[in-house]
Every structure is written in C-alpha cells, then in structure tokens.
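Engineer: Residue numbers (the working numbering): 1 to 255.
All C-beta atoms in this analysis are idealised placements derived from N, C-alpha and C, irrespective of residue type, glycine included.
All figures in this text were calculated on a predicted structure; none of them were measured in a lab.
Structure in structure tokens, see below.
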C-alpha cells in the first residue's frame, strides 16, 4: 500500500501515484484503499483534481488520469496530443470517403471542434476548428454526452434544449433513449439535427480499445446523400479504433 503523506500536496501526489498501468481506472473506494487515505479526504482531493483536469470521470463512475496531465508529461496541449494521434487516421478516412471529417472533445456541457479535414466537394458545414456548440447540438456531441458522467447528462437534460432544425430531438425522454442507443450501438447517425443540409455519422474515441472516451470522430455528408450513412460505419470504426489504439500507446509511454 502507498503510504500517505500529511501535507495537502502529499495527498495529491499519493492519489496521482495510485494510477499506473495495472490500475488505470479506479473507483473512489479503490483509490482510498490504495492510498490509505480516508474516503472523505479522497473524495475532496479527487474532486479538486477533476476540477483542474488532472483526473476525469468515466460514464461508469470510475476515475482515470485526465488528458491535462498528458500536457505536462509531454509538454504538449491536450488538443495537440489528440490531433497528432488522430490526423493520420482522419486523412485515411477522408481519402476513403471524400467527405468532411471532424474531431471534437467535450468541455463541460460544450463541444469543442479541434480538427477538420474537408475537400472542395464536401458539404458546407456550420462548424470550424475552435468553434463551440452545446454538447447535444451535434451528432458528435451526443456521442460524447452519452459517455459523459451522469451529472453532466442530467445537467443537459434538465436545461432547455434548443431546436436547431425541425428534426432536432429536444424531448428529454426521447433524448435519454437516444443516449442509451448510442452507448449500445457505437455509431450514431445524426439526421439533420444541427443543419437541414447535413447528416453526421459519429463514434467515440477512447484511450486504448476499452479505455475512457476522450473525443468523438465524425463524418458529415449532404442530407441528400443520407442513404450513404450506413456504408460509412465501417470506415469510421476503423479510424476510431486506430486513433484509440494510438492514444492508448501514448498513454502507456507517458505513464
């Protein structure tokens, strides 16, 4: 067992040190057991670390090292880490589809677009790199919301939901069912939720094959070509698996 220190900084370091290759994801009780800290102390410190971004909470309630620590370990911003890992696979996906390919992350209840590849023939989209939208406004955002901690989901579901188009799902009960379906099916087809002109096909990107969800990858196509959406599932999943495995490899390297 790791011996806890008496200082505030010591408790922080003890908790961070509890995460390693054999214990990449843990519950509060498991963290407290490994560090020897009281559960109440563990809860307080973990909450503070999560607020800063050093720890992140998965949809099952367990905790894992946050991408912000990768920034420190690698001297590289979180979005740059994701971009570096994702770009080769995004380029392959674009070459296979010749459609808009986008990468986004969740920050609280917002979706932030961090990378995009598009060609001259791709459908025009309303998003751009760096733009922010409510997390439930896009297909990629709903994928991330489906895998967000329960309190984030409830915060969104309890707030008024904007109807961007006549097709936007805004009923809380229907949205809950949609989030359940996203978790089951891996790939989500968002039919004109944000724009009448486009359909998005999105899937979650994990840290490793079975790790926590860190981002979402999506393909945006013209609504008139919506019948193609099902055929984009496999190329999208190949890209997602590649990015997830690369992120997992980088996480192991910096651990």
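Below 7 Å between beta carbons: does that hold for residue 219 and residue 237?
Structural biologist: No; because the gap between Cβ atoms is not below 7 Å, this pair is not in contact.
Engineer: Checking 7 Å against the spacing of the C-beta atoms, do residue 42 and residue 28 come in under that value?
Structural biologist: Yes. Within cutoff.
Engineer: How far does the alpha helix (DSSP H) with residue 172 in it extend, from its first residue to its last?
Structural biologist: Unbroken alpha helix (DSSP H) run through residue 172: 172-185.
Engineer: Would you mind sorting residue 106 into buried or exposed? The rule is 16 or more other CB atoms within 10 Å of its CB.
Structural biologist: It is buried - the Cβ of residue 106 has at least 16 other Cβ atoms within 10 Å.
Engineer: If you run the structure through DSSP and keep just helix, strand and coil, what is residue 61?
Structural biologist: Residue 61: coil per DSSP, three-state reduction.
Engineer: Please go through the same chain and pick out, in chain order, the residues whose beta-carbon is closer than 6 Å to the beta-carbon of residue 179, but skip the five residues on each side of it.
Structural biologist: Excluding positions up to five away in sequence, the list reads 146.
Engineer: Expressed to the nearest angstrom, what Euclidean distance is found between the alpha-carbon atoms of residue 8 and residue 234?
Structural biologist: In a straight line, the C-alpha of residue 8 is about 48 Å away from that of residue 234.
Engineer: Can you list the beta strand (DSSP E) stretches of 3 or more residues lying completely in the stretch 122-167, in chain order?
Structural biologist: Listed in chain order, they are 132-134.
Engineer: For residue 20, which of helix, strand or coil comes out of DSSP?
Structural biologist: It is coil, neither helix nor strand.
Engineer: I need the boundaries of the alpha helix (DSSP H) containing residue 30, first residue and last residue.
Structural biologist: 28-35 is the extent of the alpha helix (DSSP H) around residue 30.
Engineer: Let me check one thing: in DSSP terms, what residues is residue 191 bridge-paired to?
Structural biologist: Answer is 199.
Engineer: For residue 219, which beta-bridge partners are listed by DSSP?
Structural biologist: Note: residue 219 sits in a beta bridge opposite 101, 201.
Engineer: Do you know how far the Cα of residue 156 is from the Cα of residue 182?
Structural biologist: Near 16 Å, if we compare the C-alpha coordinates of residue 156 and residue 182.
Engineer: What does the Cβ neighbour count give for residue 38, buried or exposed, with the cut at 16 atoms within 10 Å?
Structural biologist: Exposed.
Engineer: Could you check what DSSP says for residue 233 in three-state terms: helix, strand or coil?
Structural biologist: The answer is helix: DSSP assigns residue 233 an H, G or I state.
Engineer: Ignore the nearest five residues each way along the sequence and tell me which others in residue 25's own chain have a CB closer than 6 Å to its CB.
Structural biologist: The residues are 62, 64.
Engineer: Can you give the Cα-Cα distance for residue 167 and residue 12, rounded to whole angstroms?
Structural biologist: C-alpha separation (whole angstroms): 47 Å.
Engineer: In the DSSP assignment, the beta strand (DSSP E) including residue 112 goes from what residue to what residue?
Structural biologist: From DSSP, the beta strand (DSSP E) with residue 112 extends over 110-117.
Engineer: Counting C-beta neighbours from all protein chains within 10 Å, is the total for residue 1 16 or more, i.e. buried, or is it exposed?
Structural biologist: Residue placement at residue 1 is flagged as unreliable, the pLDDT there being 46, under the threshold of 50; the coordinate-derived value follows with that caveat. Under this definition residue 1 is an exposed residue.
Engineer: Between which two residues does the alpha helix (DSSP H) carrying residue 53 extend?
Structural biologist: Here residue 53 belongs to no alpha helix (DSSP H), and DSSP marks it neither H nor E.
Engineer: Tell me which residues share the same chain as residue 32 and place their Cβ nearer than 6 Å to its Cβ, disregarding the 5 neighbours each side in the sequence.
Structural biologist: Within the same chain, residue 32 has close Cβ partners 39, 42.
Engineer: From residue 101 to residue 36, what does the alpha carbon distance come to, in whole angstroms?
Structural biologist: Going from the Cα of residue 101 to the Cα of residue 36 covers about 46 Å.
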